[in-house]
Amino acid sequence: MAEQDAKASGPDLSEGIAFADLADGTMLLGHVGDEEVLVARRGAELFAVGAHCSHYHGPLAEGLLVGDTVRCPWHHACFSLRTGEALAAPAFSAIDCWSVEQRDGKVFVREKRPAAAKPAPRLGGKAPDKVVIVGGGAAGFAAAEMLRREQYKGSIVMLSNDDAAPVDRPNLSKDYLAGNAPEEWVPLRGDDFYAENGIDLRLKSTVASIDARARELVLSDGGKVAYDRLLLATGAEPVRLSIPGAGPSQIHVLRSLADSRAIIERAKSAKRALVIGASFIGLEVAASLRHRGIEVHVVAPEKRPMERILGPGMGDFVRALHEEHGVVFHLEDTVAGIAGNKATLKSGGSLEVDLVVMGVGVRPRLELAEKAGLKIDRGLAVDAFLATSAPEIYAAGDIARWPDPHSRQSIRVEHWVVAERQGQVAALNMLGLRQKFDAVPFFWSQHYDVPINYVGHAEKWDELVVDGDIAGRDCLVRYKQDGRTLAAASIYRDVASLQEEVAMERQVA
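Whatever position you read off the sequence shown (first residue = 1), add 1262 for our numbering.
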């Protein structure tokens, strides 16, 4: 996250700019007073909106215009130029809109417009009286927020087995863990949001079973919660490999705010850390611990980090980037055992460590769905509308396997933005709106000062095309199968990443 610039950029838009200087389909960054404003032109229409994404304050002027919307270059949030509404996660809050006047060949930005009136509720039939959401992560939060945004007036109950309200999970392994972000940045919304919006958030609540016939949940404490529509957003849990000799609390994983807090507390006195696994989470943890000045060793069985997802070139780059920052890799190796502060490797070496973090992936939490007899297919099977095999039960996030029109196969992904967008679509469908989930998957990863953006989904490819220079940190890598681009990874090619996303959307439009 970044703070707003102290000094506004560009021309003073209240004094006007030449209409001829704003070509059709372009944007211009300026200011009104000390507030930065983005002016955009689409044909004869002119728009003026706040210049920064409401998610992490990304510079919208460096993003992409698509119709009457603008997309953020950092994490692909999308905003309406007409109303300022956040149309696609990871942003939820609207951006400001300004009045625009065209006169005497010039464009003037005038006063800030009041917030747009909420549109009439969209309902595809009789609204349910009771919506219950199981899960307090990205998908669950996004669904609850969208229900209220759509002016749903019924009951919303969120049942979360976590002890914290929904948090910005990507931050837990990035800026917050590194010490660059205060904890007040971590909650997705303040505690008052839930009360003010009539969302009954019940923390430390575990659902024991679902009675789909009676449309009722049974809690672990014996309580029961009835529903008319149910969203399962139980997420995933970290895989915990059994390491001989390791005590039950000796190896940390990172999924929750409590997990991140525990690692931070241990890091205060740690000098050498062992990260088991070269996953995205594992290497983001490595980068954050290096920022804290801790010596970091990464042990992983693969030849290159992230090669299965990003290919050999990007894998070599990620390894070199971490080595530049002092990370020591022990690849094609595993941890054979831990005794006290000594970790023994399968190769025969050993390491003295005082902090151990395991990041070897996650597994979907499917027990509840399995016990309820819902269709399971390497995840919880849903249709294009995110409906499960049981009436009035939907699923979103890490557990859901859905028919992806872009890769032309059923997929399940563990991406934060996908979970949020699925939660939003599931909310609309619980209101009867019958909206297909067809968003292009997107995720980002941050390693030191280098972001990696990834759009699409490619479980395998037969051609890998590199545009630019991976080692030079300026590239777009396309992953193709039978001539079709299934996914693209990029480093500092933000607009190109957005353009790839739009191209994939239009393939199935």
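Glycine residues also receive a C-beta, built at the ideal position from the N, C-alpha and C atoms.
Subject >> The beta strand (DSSP E) enclosing G1599, as first and last residue numbers >> reply: The continuous beta strand (DSSP E) containing G1599 extends over residues V1597 to A1601.
**OP:** Could you please give me the residues that DSSP links to K1466 through a beta bridge?
**Re:** DSSP lists no partner for K1466.
**OP:** Could you tell me if the beta carbon of S1752 falls within a distance shorter than 8 Å of some heavy atom in the ligand COA?
**Re:** Judged by which ligands are present, the structure shown has none, so any question about the ligand COA falls away.
Original post:
Under a Cβ-count criterion, where at least 16 other Cβ atoms within 10 Å of its own Cβ denotes burial, should N1715 be classed as buried or exposed?
Top reply: buried
Original post:
Helix, strand or coil: which one does DSSP assign to D1744?
Top reply: The answer is coil: DSSP assigns D1744 none of H, G, I, E or B.
Original post:
Just to confirm, are A1658 and A1498 a CB contact at a threshold of 9 Å?
Top reply: No, they are not a contact pair.
Subject >> Member of V1618, Q1697 and A1405 whose CA lies at the smallest distance from the CA of D1521 >> reply: V1618
Subject >> Residue from R1554, E1676 and A1750 whose Cα sits closest to the Cα of K1660 >> reply: The displayed chain sequence assigns Asp, not Lys, to residue 1660. The option with the nearest alpha carbon to D1660 is E1676.
Original post:
Are V1328 and C1315 touching if we call contact CB-CB under 9 Å?
Top reply: no
Original post:
Whole-angstrom Cβ separation of D1274 and V1311, contact assumed at under 8 Å?
Top reply: 17 Å between Cβ atoms; not a contact.
Original post:
Near E1682, what residues of its chain come up, given a Cβ to Cβ distance below 8 Å and the 5 sequence neighbours on each side ignored?
Top reply: A1351, P1352, A1400, A1401, F1403 and A1404
Subject >> Buried or exposed (CB count within 10 angstroms, at least 16 for buried), H1709 >> reply: So H1709 counts as buried.
**OP:** Go ahead and label P1653 buried or exposed: buried means 16 or more other beta carbons lie within 10 angstroms of its beta carbon, across all protein chains shown.
**Re:** exposed
**OP:** Taking H1587 as part of the alpha helix (DSSP H), name the residues at either end of that continuous run.
**Re:** Unbroken run through H1587: none, as it is neither H nor E.
Original post:
Using a Cβ-Cβ cut-off of 7 Å (strictly less than) and excluding sequence neighbours within five positions of Y1754, which residues of its own chain qualify?
Top reply: Residues of the same chain with a CB within less than 7 Å of the CB of Y1754, apart from the 5 flanking positions on each side, are R1735 and D1736 in chain order.
**OP:** Alpha carbon to alpha carbon, how far is I1538 from L1593? Give it in angstroms, no decimals.
**Re:** 10 Å
Subject >> Endpoints, alpha helix (DSSP H) assigned at N1691 >> reply: W1678 to M1692
**OP:** Just grab the DSSP bridge partners of S1752 for me.
**Re:** N1715 and L1738
**OP:** Starting from H1553, trace the alpha helix (DSSP H) both ways and give me its first and last residue.
**Re:** F1542 to H1553
Original post:
Any chance the stretch 1385–1394 sits against the stretch 1410–1428, with 3 or more Cβ pairs inside 8 Å?
Top reply: yes
Original post:
Cα separation between L1479 and V1589?
Top reply: 47 Å
Subject >> Nearest-angstrom Cα separation, counted from F1354 out to G1599 >> reply: 45 Å
**OP:** Could you pull out every unbroken beta strand (DSSP E) segment of at least 3 residues lying fully inside the stretch 1331–1363, listed in chain order?
**Re:** Inside the stretch 1331–1363, DSSP marks whole beta strand (DSSP E) runs of 3 or more residues at positions 1331–1333, 1340–1342 and 1348–1350, from first to last along the chain.
**OP:** Give every residue of the same chain whose Cβ lies closer than 6 Å to the Cβ of Q1743, excluding the five residues on either side of it in the sequence, and list them in chain order.
**Re:** W1723 and D1724
Original post:
Does the beta-carbon of N1442 have 16 or more other beta-carbons within 10 angstroms, so that it is buried, or is it exposed?
Top reply: exposed
Original post:
So, R1581 versus P1567, is the Cβ gap smaller than 9 Å?
Top reply: yes
Original post:
Looking at the structure shown, is Q1266 part of a helix, part of a strand, or coil, going by DSSP?
Top reply: Its pLDDT being 43, under 50, Q1266 is placed unreliably by the model, and the measurement read from it follows with that caveat. Q1266 falls in the coil class under three-state DSSP.
Subject >> Alpha carbon of G1387 to alpha carbon of D1430, nearest angstrom >> reply: Computed Cα separation, rounded: 34 Å.
Original post:
With a Cβ-Cβ cutoff of 9 Å, do L1409 and A1427 count as a contact?
Top reply: no
Original post:
Taking the Cβ atom as the reference point for each residue, do G1641 and R1670 lie within a distance shorter than 9 Å?
Top reply: no
**OP:** Mark K1436 as exposed unless 16 or more other C-beta atoms lie within 10 angstroms of its C-beta, in which case mark it buried.
**Re:** By the neighbour-count rule (16 or more Cβ atoms within 10 Å), K1436 is buried.
Subject >> Counterpart residues of R1534 in DSSP-defined beta bridges >> reply: E1557
Original post:
From Q1686 to G1398, what does the alpha carbon distance come to, in whole angstroms?
Top reply: 14 Å
**OP:** Label H1317 either buried or exposed according to how many other C-beta atoms from any shown protein chain fall within 10 Å of its C-beta, with 16 as the threshold for buried.
**Re:** buried
Original post:
Which parts of the stretch 1411–1453 are runs of the alpha helix (DSSP H), unbroken and 4 residues or longer, counting only runs that do not cross its ends?
Top reply: 1431–1435 and 1437–1440
Subject >> Cβ-Cβ distance between A1378 and E1412 below 9 Å >> reply: no
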